[in-house]
Amino acid sequence: MPLVVQKFGGTSVADSEKILSAARKAIRAQQEGNQVVMVVSAMGHNTDQLIDLAGQVNETPPAREMDMLLSTGEQVSVALMAMAVHSLGHRAVSLNAAQLGIQTDSSFTKARIRTISPERIRKLLEAGNIVIAAGFQGIDEDLNITTLGRGGSDTTAVALAAVLHADACEIHTDVDGVYTTDPRQLPEARQMSRIEYGEMLELASLGASVMHNRSIEFAKKYGVPIHVRSSFSDTRGTLIASQSESETASVCGAAMTRDEARITVQGLPDRPGVSHELFKLLAEHKITVDMIVQNIGQEERADISFTVPKSELQSAKQVVQTAVTEIGATGWTHDDDVSKISVVGAGMADQTGVAQKMFRALADAEINIQMITTSEIKISVLVEKSQALAALRAVHSTFGLQNTPTDAATWDRLPERTASEADLQKLVADLQAADMEQLSLSDIDLAEDQARMTLSGVPDRPGLAADVFDAVAAAGVFVDMIVQSYDGFQGETSLSFTIPRTQYDDCKAILDSLAQSYSLRKVSASREIAKLSVSGIGMRSHTNVAIGMFEVLAANGINVEMINTSELRVNVVVEGSSGSRGLACLKQQFSSQLN
Ligand code: ADP
Ligand code: ASP
Ligand code: MG
4 MPLVVQKFGG
14 TSVADSEKIL
24 SAARKAIRAQ
34 QEGNQVVMVV
44 SAMGHNTDQL
54 IDLAGQVNET
64 PPAREMDMLL
74 STGEQVSVAL
84 MAMAVHSLGH
94 RAVSLNAAQL
104 GIQTDSSFTK
114 ARIRTISPER
124 IRKLLEAGNI
134 VIAAGFQGID
144 EDLNITTLGR
154 GGSDTTAVAL
164 AAVLHADACE
174 IHTDVDGVYT
184 TDPRQLPEAR
194 QMSRIEYGEM
204 LELASLGASV
214 MHNRSIEFAK
224 KYGVPIHVRS
234 SFSDTRGTLI
244 ASQSESETAS
254 VCGAAMTRDE
264 ARITVQGLPD
274 RPGVSHELFK
284 LLAEHKITVD
294 MIVQNIGQEE
304 RADISFTVPK
314 SELQSAKQVV
324 QTAVTEIGAT
334 GWTHDDDVSK
344 ISVVGAGMAD
354 QTGVAQKMFR
364 ALADAEINIQ
374 MITTSEIKIS
384 VLVEKSQALA
394 ALRAVHSTFG
404 LQNTPTDAAT
414 WDRLPERTAS
424 EADLQKLVAD
434 LQAADMEQLS
444 LSDIDLAEDQ
454 ARMTLSGVPD
464 RPGLAADVFD
474 AVAAAGVFVD
484 MIVQSYDGFQ
494 GETSLSFTIP
504 RTQYDDCKAI
514 LDSLAQSYSL
524 RKVSASREIA
534 KLSVSGIGMR
544 SHTNVAIGMF
554 EVLAANGINV
564 EMINTSELRV
574 NVVVEGSSGS
584 RGLACLKQQF
594 SSQLN
């Protein structure tokens, strides 16, 4: 019999009427011939209220007790949901994490799922019950209650769908599907018919809170198609699976993280291992670091800038202060009045001029770009917070995201799961035996066909990045990694990017002439660079990949010139002559995690 997992978010179970209406949906799915597992979040803003209450009692509540408290929200809603199903004349059993057998590690407030035992759920389903699972929670080895991080019920739902090999995983929420950007920020946002896992993963991590990012890691790893749809209607929503909506569009969506903070550490000794020491300390304190940009060292010293969520700035500041002293940097600055705007699209990996278009739109809106980072499928910029919404609107409009792409793929039914019964049993056994959220690496690569260009002493004003990339794109140069650093002291920034080595001379000539007309301080370039990449699933939540890369390269005396990170890949640029040695080191370091 087909099995469907239906998840209902907080707004969808905010009061008794909504609980009854969700119960009716589940009953209908059962009457249509499915076994039904519901995953339910805490009612309305209950989790926020509990966090607020905790703060009134203790400014820094112990994480274990926080989870004890927060898990109560979901316990209330599953019980009420089961009662609602009963009142409508059907059978249901509610289960909390311990009863569901969702075992996690012990990182309270951000626990990771290790295993799930589906036997009890299966028995209850076979007896004709609708099983109602508490989202967001788990138990650790010592039976402590844990939670998976805000928005984590999505992850419970997708993990259950994987382990039960469900035919459908429906995320019922308060919007009709996944939009090109948050429709509450930009009313012109458009609902997409479908989106590819990698794209959704980036968007979710860059601010599209409609899905918990780790749920998408699960979905990609175990091939679970997800249907995001409205809990208040029956219209078709958005399918998250292995195909993008459009094969030709370079960008599928835009996202904003409004509350970011930038930290710049200045005057780092330019020797291998320095960035490793800094990021290792930050990781040890579980600080989420993004947009790492390192200037090419000048006078034996380098600056490094990165962003952290504003909510983590306080703890980050303490760590940075310690690191600065230990490493021997000259100082550090921070700014908590910044926002991150990103565009995402699988199509940008092989199209030219995408970055240029984004920078031009921002320049036309007179928005200054403070930092830039890119990866294969995303471009992020840091802007002043007061300009964040205008920046989001400008990039959304320049890529025409409000219009349906002419080649947009639609869908009628969910992709079929084609595995044989034997395969299914093996998958379930593997899932139960393994650490479900463990890091899974797919590739370690070396690219030796690129060159680097660096502009230093770039005036920090709107339009410069746009002018530079306009000129570069006009010459048909394909730009890959881009980083623009922040240098608040002198009102200058520096801009580095990589290009195909074959276009080195053309590009250098363009930059030399630009440097003159814009009075830039210096153009430095390197014909021979090597790009080392590690890719897989879980790269960002397992920060130890980036750290491990820095560590092993430093230990072998290899200096990292540029870094870029995404959900599915970490790239570093090193000197050309160190490429194959770097590759060998990385292979040795990560061989056990390769699959
Ligand atoms: P739930 O409680 O159902 O889990 P969430 O509040 O976590 O719901 O997620 C739904 C919200 O996500 C929407 O109300 C919307 O404001 C926000 N959102 C952010 N980005 C997007 C996007 N790209 N598409 C759709 N919704 C988005
Ligand atoms: N109730 C939790 C939260 O508000 C989990 C969830 O809703 O997904 O974060
Ligand atoms: Mg949510």
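For what it's worth, my numbering labels the leading residue of the sequence shown as 4, then goes sequentially. Ideal Cβ positions, reconstructed from N, Cα and C, are used throughout, including at glycine. Note that the structure is predicted; figures quoted are calculated from it, not measured.
Selected residue, minimal CA-CA separation from Leu-514, among Ser-234, Ser-522, Val-526, Leu-417: The sequence position of residue 514 within the sequence shown is 511, counting from 1. It is Val-526.
Beta-carbon separation (whole angstroms), Val-347 vs Lys-388, contact threshold 8 Å: By 1-based counting over the sequence shown, the position of residue 347 is 344. By 1-based counting over the sequence shown, the position of residue 388 is 385. Separation of the CB atoms of Val-347 and Lys-388 is rounded to 21 Å, and the pair is thereby denied contact status at 8 Å.
Short Cβ contact (8 Å threshold) for Ile-532 with Gln-453: As a first step, residue 532 must be located in the sequence shown, where it is residue number 529. As a first step, residue 453 must be located in the sequence shown, where it is residue number 450. Closer than 8 Å, so yes.
Through-space distance from Leu-163 to Gln-140, alpha-carbon basis: Here residue 140 is taken as the residue at index 137 of the sequence shown, counted from 1. Here residue 163 is taken as the residue at index 160 of the sequence shown, counted from 1. Gln-140 and Leu-163: Cα-Cα distance of roughly 12 Å.
Per-residue burial, Arg-464 [other beta carbons within 10 Å of its own, 16 or more giving buried]: The sequence position of residue 464 within the sequence shown is 461, counting from 1. Counting other Cβ atoms within 10 Å of its Cβ, Arg-464 stays below 16 and is therefore classed as exposed.
Contact between the stretch 210–224 and the stretch 310–317 (3+ Cβ pairs under 8 Å): The stretch 210–224, when compared against the stretch 310–317, does not touch it at the 8 Å Cβ threshold.
Collapsed DSSP secondary structure at Ile-370 in the structure displayed: Numbered from its first residue, the sequence shown carries residue 370 at position 367. If DSSP states are grouped into helix, strand and coil, Ile-370 belongs with coil.
Ala-101 to Asp-70 span [Cα, whole Å]: Here residue 101 refers to the residue found at position 98 of the sequence shown. Here residue 70 refers to the residue found at position 67 of the sequence shown. Straight-line measurement puts the Cα of Asp-70 at about 14 Å from the Cα of Ala-101.
Whole-number beta carbon distance between Ala-95 and Ile-135, since they are thought to touch under 8 Å: On the sequence shown, position 132 is the one that residue 135 refers to. On the sequence shown, position 92 is the one that residue 95 refers to. About 6 Å separates the two Cβ atoms, so the contact holds.
Ser-345 versus Asn-37, Thr-50, Ser-522, Phe-402, residue with shortest Cα-Cα distance: In the sequence shown, residue 345 corresponds to position 342, counting from 1. Checking every option, the nearest Cα to that of Ser-345 belongs to Phe-402.
First and last residue of the uninterrupted alpha helix (DSSP H) at Arg-304: Numbered from its first residue, the sequence shown carries residue 304 at position 301. Premise fails: Arg-304 lies in the beta strand (DSSP E), 304–312, not in any alpha helix (DSSP H).
Identified DSSP bridge partners for Val-576: Walking along the sequence shown from the start, residue 576 turns up at place 573. The partner list for Val-576 (beta bridge, DSSP) reads Lys-534, Met-565.
In chain order, each beta strand (DSSP E) run of at least 3 residues that lies wholly inside the stretch 449–536: Correct list: 453–462, 485–487, 495–503, 525–529.
Simplified DSSP assignment, three categories, for Gln-317: Along the sequence shown, read from residue 1 onward, the residue named residue 317 stands at position 314. Of the three classes helix, strand and coil, the one that applies to Gln-317 here is helix, per DSSP.
Inter-residue Cα distance where the pair is Glu-173 and Gln-9: The residue given as residue 173 occupies position 170 in the sequence shown. The residue given as residue 9 occupies position 6 in the sequence shown. Distance between the alpha carbons of Glu-173 and Gln-9: 5 Å.
DSSP-derived helix/strand/coil call for Ala-258: Locating residue 258 in the sequence shown gives position 255, where the first residue counts as 1. Secondary structure at Ala-258: strand, using DSSP grouped into helix, strand and coil.
Whole-Å CB distance - Val-566 paired with Val-555, under 8 Å assumed: Working through the sequence shown from its first residue, we reach residue 566 at position 563. Working through the sequence shown from its first residue, we reach residue 555 at position 552. The sequence given here has Ile at residue 566, not Val. Between Ile-566 and Val-555 the beta-carbon gap is near 14 Å, outside 8 Å, which marks them as no contact.
Stretch-stretch touch, CB-based, cutoff 8 Å, three pairs: the stretch 393–400 with the stretch 494–501: Touching, no.
Any non-hydrogen atom of ligand 2 within 7 Å of Ala-162 CB: Here residue 162 refers to the residue found at position 159 of the sequence shown. Outside the cutoff, so no.
Those runs of the beta strand (DSSP E) which lie wholly inside the stretch 81–107 and span at least 3 residues: Runs of the beta strand (DSSP E) inside the stretch 81–107: 95–98, 105–107.
Beta-carbon proximity check, Ser-74 vs Met-46, cutoff 8 Å: Here residue 74 refers to the residue found at position 71 of the sequence shown. Here residue 46 refers to the residue found at position 43 of the sequence shown. Contact: no.
Closer than 6 Å to ligand 3: residues, by C-beta to nearest heavy atom, in chain order: Qualifying residues come out as Gly-12, Gly-154, Asp-157.
Cβ-based burial, Gln-321 [other Cβ within 10 Å; buried from 16]: Here residue 321 refers to the residue found at position 318 of the sequence shown. So Gln-321 counts as exposed.
Gln-596 burial status per 10 Å Cβ neighbour count (16 or more: buried): As a first step, residue 596 must be located in the sequence shown, where it is residue number 593. Under this definition Gln-596 is a buried residue.
Top-ranked residue by Cα proximity to Cys-588, from Gly-466, Leu-535, Leu-571: The sequence position of residue 588 within the sequence shown is 585, counting from 1. With distances taken between Cα atoms, Cys-588 lies closest to Leu-535.
Chain C contact for Phe-309 (CB, 8 Å cutoff): Protein chains in the displayed structure number just one, and chain C is not present.
contact_flag[the stretch 220–227, the stretch 254–267] where n(CB pairs < 8 Å) is 3 or more: The stretch 220–227 vs the stretch 254–267: no contact.
Sequence ranges, alpha helix (DSSP H) only - wholly within the stretch 321–373, length at least 4: 357–367, all fully within the stretch 321–373.
Where Lys-126 falls, given that 16 or more other Cβ within 10 Å makes a residue buried: The residue you call residue 126 lines up with position 123 of the sequence shown. Exposed is the call here.
Rounded C-alpha distance that separates Ala-366 from Arg-455: Within the sequence shown, the letter at position 363 stands for residue 366. Within the sequence shown, the letter at position 452 stands for residue 455. Ala-366 and Arg-455 have their alpha carbons spaced roughly 24 Å apart.
Bounding residues of the beta strand (DSSP E) (the contiguous stretch that carries Phe-11): If you number the sequence shown from 1, residue 11 lands on position 8. Segment 6–11, the beta strand (DSSP E) holding Phe-11.
Counterpart residues of Cys-172 in DSSP-defined beta bridges: What you label residue 172 is simply residue 169 of the sequence shown in a count that begins at 1. Paired residue(s): Val-8, Ile-229.
Coil, strand or helix - Leu-209 by DSSP: Along the sequence shown, one-based indexing puts residue 209 at 206. Note: Leu-209 maps to coil in three-state DSSP.
Where Arg-232 falls, given that 16 or more other Cβ within 10 Å makes a residue buried: Residue 232 sits at position 229 when you count from the first residue of the sequence shown. By the 10 Å Cβ count, Arg-232 comes out buried.
Residue from Val-311, Ile-561, Val-39 whose Cα sits closest to the Cα of Ile-133: Residue 133 sits at position 130 when you count from the first residue of the sequence shown. Of the candidates Val-311, Ile-561, Val-39, the residue whose Cα lies closest to the Cα of Ile-133 is Val-39.
Proximal residues to Val-323 (C-beta, below 7 Å), its chain only, five neighbours per side dropped: Translated into positions along the sequence shown, residue 323 becomes position 320. So the qualifying residues of the chain are Ile-266, Val-268, Trp-335.
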